[in-house]
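Chemist:
Protein chains: 2
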Amino acid sequence: MKKLINQPEDVVSESLQGMAAAHEDLIKVNLDPIFVYRSDAPVQGKVAVISGGGSGHEPTHVGYVGRGMLDAACPGDVFVSPTSEQIIEAIRRVHAGAGVLNIVKCYWDDMDVFAEAAEQAHSEGILCANILIDDDVAVSESVYSHGRRGTGATVLAEKICGAAAEEDFDLTRLADLCRRVNLNGRSMGMAFTACTIPIKGTPTFEIEEDQMELGIGIHGEPGRERMKIKSADEITEMLAVEIIEDPFYKRTIQEWDATKAEWVNVELENQPFQRGDQVLAFVNGMGGTPVPELYIAYRKLEQVCTEKGLTIVRRLIGTYITALEMQGVSITLLRMDDELLKLWDAPVNTPRLRWGI
Amino acid sequence: MKKLINQPEDVVSESLQGMAAAHEDLIKVNLDPIFVYRSDAPVQGKVAVISGGGSGHEPTHVGYVGRGMLDAACPGDVFVSPTSEQIIEAIRRVHAGAGVLNIVKCYWDDMDVFAEAAEQAHSEGILCANILIDDDVAVSESVYSHGRRGTGATVLAEKICGAAAEEDFDLTRLADLCRRVNLNGRSMGMAFTACTIPIKGTPTFEIEEDQMELGIGIHGEPGRERMKIKSADEITEMLAVEIIEDPFYKRTIQEWDATKAEWVNVELENQPFQRGDQVLAFVNGMGGTPVPELYIAYRKLEQVCTEKGLTIVRRLIGTYITALEMQGVSITLLRMDDELLKLWDAPVNTPRLRWGI
């Protein structure tokens, strides 16, 4: 196994110790149970924004803790959800009396542990809103999820909601905002190669030298189709068209209602993209894909968006939500409005996303 | 070949077109001859800072064009030097009457083309100072260079000299500063895997599944030793100790003297690191290594530095100077002083390095 690691079981804790040592002005790491939190938490008067999930998707979520983004991130082992104990401890550490927004990617285990933590927090007098991200248009059922999976829009929701929390949005308004990001964002990815979970030591799946997989998940879970490797332009167009032409999408989910302290059914509706929409274009590397290849994809994405009548008004291009060292790319488009633009542009200072500070 | 590209011969131009489209507020690309330049160039009153070299090391150099760093970058084909025509055209585009600092990595071809460009610029009345970066302690002779190769310190020199140029350092002072960064910086790298030049389509070398190479160059050129894969802590310690204990290093090089407009012999001397030194620690991924692995290396690097009496006062951790999708890491330590600290901390806004703006 060709990895720069010590013992496979120490990968998560050692990398977080290194990250905390490198960015001690921004973050601290709690080792037992393990979570990363803002070094100045709790930030008085502010809703705390928390996310979490399996490790192996770095910089998501641990690299986004800091001013203008997350107050805490709870990492599980590689591709394994964190425990509810990690989350409740993180909540206790960073909440400042104004409640907690939990941003949860749509995977069964993540949803379960965040639900347990929200109920426990309520019993301790801390209001939580758990908002789901389910932006991946590739498949409607998957290995670890019912409904669409949560992928690239999570990073955008963390940035935008983190900025809003700094501007003193209250919990209800912040939960609405996070839901709005999810309902206006759509993603799809592909991969050329598998990845290797350190503790397993062998690739998560086999794929031929001349094959790629369209619609793959960020754990390497199956996508839509294996096919012969296509050109960057063809791949980008396939992903972009699926995203842009994704139809009206309606589903009913259970959401933890912070004020009622009970589970409620919520109807979520994604409106299709329309000519004239302004979008943020997020071209994301899966871990092992060099940045120049992402720019080749962006070049084509801009052409496709123009043909479809969408105007790209902001971009995020780089390696932001990954499947370890997998080679591949995902595209996310987020329909923007003036408020989202302002929050996107707001200063942010985290280990892996920084501007304006 | 598992790459997100169209035709292999279009990789450089298409990725730069994508980068320019994504960052049109920062940069422009000139396609024939090809170079990237600040969209607001020439910046009146400022020395222009230029670098260049083969492609395949991105974000170096093209990702560092913008305010507070480079005025222009000249990329060759993958692992091939640019032509002197590219450089002289870039010089003409960005110089603003205050001269040009060319930051040149120590490889024969890079040195030759920048020398030709400097002489040509002189004949057109434009003063150039060409300053060499030769920071790689791994080997003293290599495939493409006489003397030590230029690697990680190049990124640091571009940031620091870019900041100084914004503060209106004149050309002589800026050349001295760049030389000072080089004389206080030392690097060494390693790799687990080879990389594939798009136009070639096969890996640059063969390496067994259980082997790594210590001291490898950023083109995959041979390092010091092949060996069985070691742990992250062992690898980090080997690299760090070679860097920290590298002895007094003296060499004579030819430097283009801008004011005399002739080649002069310059004696360069690197003083060894000493207990009490303050350093910037740069942990760099070779392209295909995920960021958490770099933090595992940083964790150990901090321990080794502490044992050796060095204090890490700044860090840069990420994928900044690469060999395409190669898996591996390099470490650079740069001895800092108050002036270097201030220039390092100054705002920078480029496609791939940004803070304070």
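Protein sequence lines correspond, in order, to chains Y and Z.
At position 34 of the first sequence the residue is numbered 34 (the numbering used here), and the sequence of numbers has no breaks.
At position 82 of the second sequence the residue is numbered 439 (the numbering used here), and the sequence of numbers has no breaks.
Ideal Cβ placement from N, Cα and C applies to all residues, glycine included.
Quick caveat, the model's predicted, so the values are computed rather than measured.
(1) Spatial neighbours of residue 121(Y) within its chain, please: CB distance less than 6 Å, with the 5 preceding and 5 following residues excluded, ordered by chain position.
(2) Could you tell me the alpha carbon to alpha carbon distance between residue 100(Y) and residue 256(Y), rounded to whole angstroms?
(3) Thinking C-alpha only, which one of 493(Z), 410(Z), 429(Z), 424(Z) is nearest residue 524(Z)?
(4) I believe residue 547(Z) touches residue 573(Z) by the beta-carbon criterion, under 8 Å. Please report the beta-carbon distance rounded to the nearest angstrom.
(5) For the alpha helix (DSSP H) that contains residue 15(Y), what are its first and last residues?
(6) Could you run through the stretch 169–193 of chain Y and flag, in chain order, every residue whose CB is less than 8 Å away from some CB of chain Z?
(7) Under a CB-based cut-off of 8 Å, is residue 336(Y) close to chain Z?
(8) Would you check if the stretch 5–13 of chain Y and the stretch 129–143 of chain Y touch, i.e. whether three or more CB-CB distances between them fall below 8 Å?
(9) By Cβ distance, which residues of its chain are closer than 8 Å to residue 577(Z), with the 5 residues on each side in sequence left out?
(10) Nearest-angstrom Cα distance between residue 81(Y) and residue 107(Y)?
(11) Considering Cα atoms alone, identify which of 545(Z), 383(Z), 385(Z) is closest to residue 689(Z).
(12) What in chain Z is Cβ-close to residue 6(Y), meaning under 8 Å?
(13) Below 7 Å on C-beta distance, what does residue 60(Y) contact in chain B?
(14) What is the DSSP secondary structure of residue 131(Y), reduced to helix, strand or coil?
(15) Can you tell me which residues form a DSSP beta bridge with residue 35(Y)?
(16) Beta strand (DSSP E) containing residue 641(Z): first to last residue?
(17) List, in order along the chain, the chain Z residues whose C-beta lies closer than 8 Å to that of residue 325(Y)?
(18) Run down chain Z in chain order and give the residues with a C-beta less than 9 Å from the C-beta of residue 18(Y).
(19) Give the DSSP-derived three-state secondary structure of residue 452(Z) in the structure shown.
(20) Quick one: what does DSSP say residue 661(Z) is sitting in, helix, strand or coil?
(21) Give me the DSSP bridge partner(s) of residue 606(Z).
(22) Alpha carbon to alpha carbon, what distance is there between residue 238(Y) and residue 177(Y)?
(23) With a cut-off of 8 Å on the beta carbons, I'd call residue 566(Z) and residue 5(Y) a contact; round off their distance for me.
(24) In terms of alpha-carbon separation, which member of 652(Z), 621(Z), 700(Z) lies closest to residue 642(Z)?
(25) At the level of alpha carbons, what is the spacing between residue 126(Y) and residue 412(Z)?
(26) Mind pulling the chain Y residues with CB within less than 7 Å of residue 597(Z)?
(27) Relative to the ligand COA, is the shortest distance from any of its heavy atoms to the C-beta of residue 301(Y) smaller than 7 Å?
(28) Any contact of the stretch 42–53 of chain Y with the stretch 330–350 of chain Y, i.e. 3+ C-beta pairs under 8 Å?
(29) Using the beta-carbon count (16 or more within 10 Å), is residue 202(Y) buried or exposed?
(30) DSSP three-state label for residue 63(Y), please.
(31) Report all residues from its chain with a CB closer than 6 Å to the CB of residue 445(Z); omit the five preceding and five following residues, and keep chain order.
Modeler: Working from what's here:
(1) Contacts found: 91, 128.
(2) Taking the straight line joining both Cα atoms gives about 12 Å.
(3) Residue 424(Z) holds the alpha-carbon nearest to the alpha-carbon of residue 524(Z) among 493(Z), 410(Z), 429(Z), 424(Z).
(4) Here residue 547(Z) really is in contact with residue 573(Z); their C-beta atoms are around 6 Å apart, less than 8 Å.
(5) It spans 11–22 - the alpha helix (DSSP H) in which residue 15(Y) sits, taken as one unbroken run.
(6) So the close ones are 192, 193.
(7) It does not: the Cβ of residue 336(Y) has no partner Cβ on chain Z nearer than 8 Å.
(8) As far as the Cβ criterion goes, the stretch 129–143 of chain Y does not touch the stretch 5–13 of chain Y, which means the pair count is below three.
(9) Counting only residues of its own chain and dropping the five nearest sequence neighbours on each side, residue 577(Z) has a CB closer than 8 Å to the CB of 548, 551, 552, 561, 562, 680, 683.
(10) Spanning the two alpha carbons is a distance of roughly 9 Å.
(11) For the options 545(Z), 383(Z), 385(Z), the alpha carbon positioned closest to that of residue 689(Z) is the one of 545(Z).
(12) Within chain Z, 588, 589, 590, 653 have C-beta atoms less than 8 Å from the C-beta of residue 6(Y), given in sequence order.
(13) Of the protein chains in this structure, namely Y and Z, none is chain B.
(14) In the three-state reduction of the DSSP assignment, residue 131(Y) falls in the strand class.
(15) Paired residue(s): 30(Y).
(16) Where residue 641(Z) is concerned, the enclosing beta strand (DSSP E) stretches over 635–642.
(17) Residues of chain Z whose Cβ lies closer than 8 Å to the Cβ of residue 325(Y) are, in chain order, 645, 646, 647, 684.
(18) Those are 640, 649, 651, 652, 653, 654, 655, 656, 657, 658, 659, 674, listed as they occur along chain Z.
(19) In the structure shown, residue 452(Z) sits in coil (DSSP, three-state: anything other than H, G, I, E or B).
(20) The three-state reading of DSSP puts residue 661(Z) in helix, counting H, G and I together.
(21) In the DSSP output, where bridge partners are listed per residue, residue 606(Z) has 627(Z).
(22) Cα to Cα, the separation comes out at about 29 Å.
(23) Their Cβ separation, rounded to whole angstroms, is 16 Å, which puts residue 566(Z) and residue 5(Y) out of contact at 8 Å.
(24) Looking from the CA of residue 642(Z), the closest CA among 652(Z), 621(Z), 700(Z) belongs to 652(Z).
(25) Answer to the nearest angstrom: the Cα atoms are 53 Å apart.
(26) Under a criterion of Cβ atoms nearer than 7 Å, no residue of chain Y is adjacent to residue 597(Z); the nearest Cβ is some 14 Å distant.
(27) This structure lacks the ligand COA, and indeed carries no ligand of any kind.
(28) Flag = no, the stretch 42–53 of chain Y and the stretch 330–350 of chain Y do not touch.
(29) Exposed.
(30) In the three-state scheme derived from DSSP, where H, G and I count as helix and E and B as strand, residue 63(Y) is classed as helix.
(31) Excluding residues within five positions, the ones whose Cβ falls inside 6 Å are 474, 477.
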